[in-house]
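Chains as they are written, first to last, in our numbering: chain A, 2 to 117; chain B, 2 to 117. Note that beta-carbon positions come from the ideal geometry of N, C-alpha and C, so glycine has one too.
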DNA sequence: GCCGTTTAATACGGGTCCGTAACGAGTTCC
DNA sequence: GGAACTCGTTACGGACCCGTATTAAACGGC
């Protein structure tokens with residue numbers, strides 16, 4: 002079995018988390034950027050633009066631009082694949098790993114503070 | 002006690018939920034809009050523009066515009082307060098309640114499917 | 001070597017959202 | 001009744017994101 006979470010508590014949790022993310026005004030990631038970031042850090046590498054586009058059901062330019070934005074924030078980085086130089090391998094960064102870890106801690110804390 | 006959720010599981014949960022929201026391509030709400038929507042539906046009324054702006058730490062035009070957008074989607078509605086006609090009271094709608102409920106069900110389902 | 005395929009990136013036009021500033025309507029206090 | 005204030009909205013210029021279409025580089029079969 003896994004995590005037991007009634008819908009009313011799930012909504013409360015989403016509320017607390019979304020409020021906290023908006024209030025600190027830090028990240029400012031779009032929902033797609035967040036989905037991309039979490040995929041990169043939670044699923045096993047290697048990650049390519051085409052895979053992310055297919056997985057999220059969006060076009061490749063969406064991924065390219067999101068990587069540009071998150072790259073500026075040092076949340077991800079890119080490297081040419083030397084075996085097939087058409088490919089770009091998306092890599093994790095220390096700052097990105099920290100940001101994902103902080104998000105996990107935030108959700109955990111909000112979940113622990115929920116009423117019974 | 003409340004919901005026990007290790008950080009690694011919390012991140013997995015966020016990942017699943019954000020992926021599902023992006024993939025179905027339905028709602029397309031910004032993070033601020035989501036925070037506003039959940040506040041309206043999970044905290045006791047009445048809700049006013051100024052309160053939401055203060056709670057989220059954003060300016061009032063942000064709230065006005067978010068209510069415009071979500072009003073077009075029939076997720077919220079507005080009404081003048083007859084006691085003080087400067088005030089606008091933000092009201093829930095059936096479609097909005099359904100959307101919030103669906104989100105709660107989604108999070109619940111993803112949580113239940115998490116590994117132990 | 002050549003041509004078709006695949007990859008990521010870029011150009012473009014359109015839409016949305018932002019914060020600051022200004023605004024009109026309504027209330028309060030004297 | 002008039003000044004000061006509060007409330008929500010709108011105007012504006014700038015930034016970001018989107019999907020389609022196009023591009024340039026690289027690969028692979030022949």
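Those residues which DSSP pairs with residue 48 of chain B across a bridge: The residue labelled residue 48 of chain B in the question sits at position 47 within the second chain. Bridge partners of residue 48 of chain B: B/91.
What's the C-alpha gap between residue 76 of chain B and residue 91 of chain A? Reading the second chain from its first residue, position 75 is the one you call residue 76 of chain B. Reading the first chain from its first residue, position 90 is the one you call residue 91 of chain A. The alpha-carbon atoms of residue 76 of chain B and residue 91 of chain A are separated by roughly 38 angstroms.
Buried or exposed for residue 109 of chain B, please, with buried defined as at least 16 other CB atoms from any protein chain shown within 10 angstroms of its CB. As a first step, residue 109 of chain B is located in the second chain; it is residue number 108 there, counting from the start. That one is buried.
Could you give the DSSP three-state label for residue 100 of chain A: helix, strand or coil? Position 99 of the first chain, counted from the start, is the residue given in the question as residue 100 of chain A. Helix.
Drop a sphere of 10 angstroms on the beta-carbon of residue 60 of chain A, count the other beta-carbons inside from all chains shown, and report buried for 16 or more, exposed for fewer. The residue you call residue 60 of chain A lines up with position 59 of the first chain. With fewer than 16 other Cβ atoms within 10 Å, it is exposed.
Contact list for the segment 77–102 of chain B against chain A, Cβ threshold 8 angstroms: 101 and 102
If you measure from the beta carbon of residue 21 of chain B to each beta carbon in chain A, is any gap under 7 angstroms? For this step, residue 21 of chain B is matched to residue 20 along the second chain. Chain A, which has no Cβ nearer than 7 angstroms to the Cβ of residue 21 of chain B, makes this no.
Leaving out five residues on either side along the sequence, give the residues of the same chain with a beta carbon under 7 angstroms from the beta carbon of residue 67 of chain B. Mapped onto the second chain, residue 67 of chain B falls at position 66. Cβ neighbours of residue 67 of chain B beyond the five flanking positions: 33, 34 and 37.
For the alpha helix (DSSP H) that residue 23 of chain B lies in, which residues bound it at each end? Mapped onto the second chain, residue 23 of chain B falls at position 22. Looking at the DSSP string, the run of the alpha helix (DSSP H) that includes residue 23 of chain B is 8–25.
Three or more C-beta pairs under 8 angstroms: does that hold for the segment 77–84 of chain B against the segment 12–31 of chain B? no
Just to make sure I have the definition right: I need the residues of chain A whose C-beta is within less than 9 angstroms of the C-beta of residue 67 of chain B. Which are they? Residue numbering aside, residue 67 of chain B sits at position 66 when the second chain is read from its first letter. Residues of chain A passing the Cβ test: none, with the nearest at roughly 11 angstroms.
Sort A/106, A/111 and A/97 by Cα distance to residue 8 of chain B and report the nearest one. Residue 8 of chain B sits at position 7 when you count from the first residue of the second chain. Considering only alpha carbons, the answer is A/106.
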